[in-house]
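The structure appears below as structure tokens.
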Amino acid sequence: MQLVIYFLMIVTYTHTDYPALKFLLSEKGLRAVSQMLSVQIQSKLKSTEISEYRGKRDIKIGTVHYVLSNMRVVECSMPDPSLVFVEGTGVSVEVSQLTLAITGKWATQFGIIHANLPGSFDLAVYNIHIYTLLQLADDAGRLSITTVQCSANVGDVNIQFHGGARFFFKPFVSGFSGQISDMIREKICPAIQQAINGSEETLQEIPVNITVDQYISLSIPLTSSPAVTHQSFELDIKGEFYSRSSPSEPPFSASVFDVPYAENYMLSVAASEFLVNSAAYAFLSSGALQINITDDMIPKSFLIHLNTSQFGAFIPQLRTLYPNMEMQVLLYASETPLFSFSSGVIDIHVPAAAKFSAVKPDGTLVPLFRLDVDGSFSGSARIDQNLTGAFQLKNLTLTLGSSEIGDFKTDTLEQMMAVMAVESVLPKLDAALKAGFPLPTLKGFRLINSQLLIKNGFVAIFTDVQDSLTGL
161 MQLVIYFLMI
171 VTYTHTDYPA
181 LKFLLSEKGL
191 RAVSQMLSVQ
201 IQSKLKSTEI
211 SEYRGKRDIK
221 IGTVHYVLSN
231 MRVVECSMPD
241 PSLVFVEGTG
251 VSVEVSQLTL
261 AITGKWATQF
271 GIIHANLPGS
281 FDLAVYNIHI
291 YTLLQLADDA
301 GRLSITTVQC
311 SANVGDVNIQ
321 FHGGARFFFK
331 PFVSGFSGQI
341 SDMIREKICP
351 AIQQAINGSE
361 ETLQEIPVNI
371 TVDQYISLSI
381 PLTSSPAVTH
391 QSFELDIKGE
401 FYSRSSPSEP
411 PFSASVFDVP
421 YAENYMLSVA
431 ASEFLVNSAA
441 YAFLSSGALQ
451 INITDDMIPK
461 SFLIHLNTSQ
471 FGAFIPQLRT
481 LYPNMEMQVL
491 LYASETPLFS
501 FSSGVIDIHV
511 PAAAKFSAVK
521 PDGTLVPLFR
531 LDVDGSFSGS
541 ARIDQNLTGA
551 FQLKNLTLTL
561 GSSEIGDFKT
571 DTLEQMMAVM
581 AVESVLPKLD
591 AALKAGFPLP
601 TLKGFRLINS
611 QLLIKNGFVA
621 IFTDVQDSLT
631 GL
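Every position in the sequence shown, counted from 1, becomes a number in the working numbering once 160 is added.
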């Protein structure tokens, strides 16, 4: 159940026309949850303390009062529970052939007869059967889990008393067993309901906005009720980034997309162009997409450095107006950089501007000119052990936006910048992308056997999930 809760906890709350983020759990994923759930149920039961139970048994010649205390589960065995998608509702959980071994203390009273000392007992409960139907819904944008049906049956009970007055009460053990069986059966569904209530409270406490860094946050509400079919469970998520300092809607909107069902993978995660582009817009709105570049930041191997002497070769008036002076550049995105996904390809369009200034000996900046930059890149991505990729320059255009030193041609500068991008910048970027980035982990679970698919308008990852500790 823990994996189910973790999965649900990362995907809650949204109200927008179309989701930009989708999660889909397949039947294979549900089977994997079942295997993990078996281990977790047994571990949980073994750490469970059972509250004291007081009962009585009419034995015709009087009434035996008894107390069972200090009860705890010492052994637990069961096959994997059966988890099944229930279309339009949620998930059914069925546990069968659950066997428990319980130890505890007991004491009895029959009239004036008392056990001198409390005794102990060993209780074996066989063939416990539990059926629970969980409904998954959207509660004001947050995921809601409720129990709509629960039933429990207990098969056989075997109890062995030790110490106390067991010789006197041994003939009546069968009667005790029946009452104890009823007691266990009556406690199962309330215990399940309590656990579900705890999970529901946890889900309702999840923040609907995640702070990413000092600049942006991510909004992750549900856009609609969970879609449950006979073979999958899908959550549609808003998936929109906002500027923390000046949150606003971008001048573009999310588009509809559908995640292909991948029966050979446990989990599918898909994101549309809107998710990535909203991040770019949020960074732009926060003023994060800008950088001041000084000459000491440029590698010595570059073709040109930031001084009026070298730039004077392309802009002759620089040498006359500001001879032998260092230069500084404010490079910034003039509009939102936009990503677009098509079959197997990622395209990026980057509108930018570069404001050049001369630096006086006292550090004062003298504005020189502004170059408007229009760049487009094309690339691909894939998953090996890591997420890897490669990009190439499609186009780079420089135009003179404004100038304090008069007009000049930008053709040669444009060619030089393109050469620098192709020979210096992109190789370093591709080297980092070739090494790749590790796939994310989720509270002790890691992604394995992952595949990346780039389609028109969205990118999807189909993956299996493995418990880092148990390997399941």
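Cβ coordinates follow ideal geometry from the N, Cα and C atoms, glycine included.
Cα separation between residue i and residue j?
i	j	result
Asp-456	Met-487	11 Å
Phe-443	Glu-187	38 Å
Lys-347	Ala-422	40 Å
Ala-430	Gln-354	34 Å
Leu-553	Arg-530	22 Å
Ile-288	Ala-300	37 Å
Asn-616	Asn-555	22 Å
Gly-539	Val-419	22 Å
Arg-232	Pro-367	36 Å
Leu-168	Gly-264	A caution first: Leu-168 carries a pLDDT of 48, below 50, which makes its placement in the model unreliable, though a value can still be read off. So the two alpha carbons sit approximately 37 Å from each other.
Thr-548	Glu-209	49 Å
Ile-352	Glu-235	19 Å
Leu-607	Asp-544	12 Å
Phe-417	Ser-432	7 Å
Ile-475	Leu-573	9 Å
Gly-523	Gly-604	52 Å
Cys-310	Asn-546	43 Å
Thr-307	Ile-319	32 Å
Leu-466	Gly-566	19 Å
Phe-597	Leu-363	30 Å
Leu-296	Ile-305	5 Å
Asp-627	Ser-428	17 Å
Ser-198	Asp-240	5 Å
Glu-583	Asp-534	19 Å
Thr-480	Ser-469	10 Å
Tyr-482	Phe-516	13 Å
Tyr-425	Met-343	42 Å
Ile-458	Met-580	11 Å
Leu-593	Ala-387	36 Å
Ser-384	Asp-298	7 Å
Phe-499	Ala-620	15 Å
Ser-502	Gln-202	47 Å
Asn-609	Val-510	33 Å
Ala-595	Pro-350	52 Å
Tyr-178	Val-436	15 Å
Ser-211	Lys-204	16 Å
Relative to the C-alpha of residue i, which residue among the options is closest?
i	options	result
Thr-389	Asp-522, Pro-179, Leu-190	Leu-190
Leu-490	Ile-376, Ile-453, Val-193	Ile-453
Glu-564	Met-577, Ala-518, Leu-599, Phe-551	Ala-518
Ser-242	Met-196, Val-234, Leu-205	Met-196
Val-625	Asn-230, Val-193, Leu-395	Val-193
Lys-206	Asp-567, Leu-228, Met-238, Gly-472	Met-238
Lys-398	Leu-463, Val-585, Asn-369, Thr-601	Asn-369
Gln-440	Asn-424, Met-426, Pro-410	The displayed chain sequence assigns Ala, not Gln, to residue 440. Among Asn-424, Met-426, Pro-410, the Cα nearest to that of Ala-440 is on Pro-410.
Val-317	Tyr-291, Leu-294, Asp-571, Arg-345	Arg-345
Gly-279	Asn-230, Tyr-286, Asp-298, Thr-292	Asn-230
Asp-645	Ser-562, Ser-337, Phe-537	Here the chain has residues from 161 to 632 only, and residue 645 is not among them.
Tyr-639	Leu-449, Trp-266, Ala-592	The question about residue 639 has no answer, for the chain in this structure spans 161 to 632.
Glu-495	Ser-438, Asn-484, Tyr-482, Val-526	Ser-438
Ile-451	Ser-500, Ala-514, Asp-298	Ala-514
Leu-294	Asn-357, Ser-500, Phe-281, His-322	Asn-357
Leu-525	Val-510, Ser-562, Met-485	Met-485
Ser-562	Tyr-375, Leu-528, Asn-609, Ser-337	Leu-528
Compute the distance between the beta-carbons of residue i and residue j, then report whether it is under 8 Å.
i	j	result
Gln-611	Phe-618	no
Ala-541	Ile-614	yes
His-225	Thr-268	yes
Thr-371	Ser-377	yes
Ile-340	Leu-283	yes
Thr-446	Ser-403	For the sequence presented, residue 446 should be read as Ser rather than Thr. Yes, the Cβ-Cβ distance between Ser-446 and Ser-403 is below 8 Å.
Gly-472	Leu-463	no
Val-285	Val-255	no
Cys-382	Asp-373	Going by the sequence as given, residue 382 is Leu instead of Cys. No; because the gap between Cβ atoms is not below 8 Å, this pair is not in contact.
Ala-261	Ile-290	no
Ile-508	Pro-521	no
Lys-569	Glu-394	no
Leu-185	Ser-413	no
Phe-551	Leu-599	no
Thr-292	Val-253	yes
Phe-434	Ser-408	no
Glu-360	Ala-180	no
Leu-560	Met-577	no
**Asked** Would you call the segment 243-250 and the segment 210-220 touching, i.e. three or more CB-CB distances under 8 Å?
**Response** no
**Asked** Where in the segment 282-368 do unbroken runs of the beta strand (DSSP E), each at least 3 residues long, occur, reported from the N-terminal end onward?
**Response** 302-313, 317-322
**Request:** Can you check the segment 201-225 for any beta strand (DSSP E) of at least 3 residues that lies completely inside it and give the ranges in chain order?
**Result:** 213-218
**Asked** Quick one: complete alpha helix (DSSP H) runs, 4+ long, within the segment 459-532?
**Response** Here the runs fully enclosed are 468-471, 476-481.
**Item:** alpha helix (DSSP H) runs wholly inside the segment 397-471, at least 4 long, in chain order
**Value:** 433-445, 468-471
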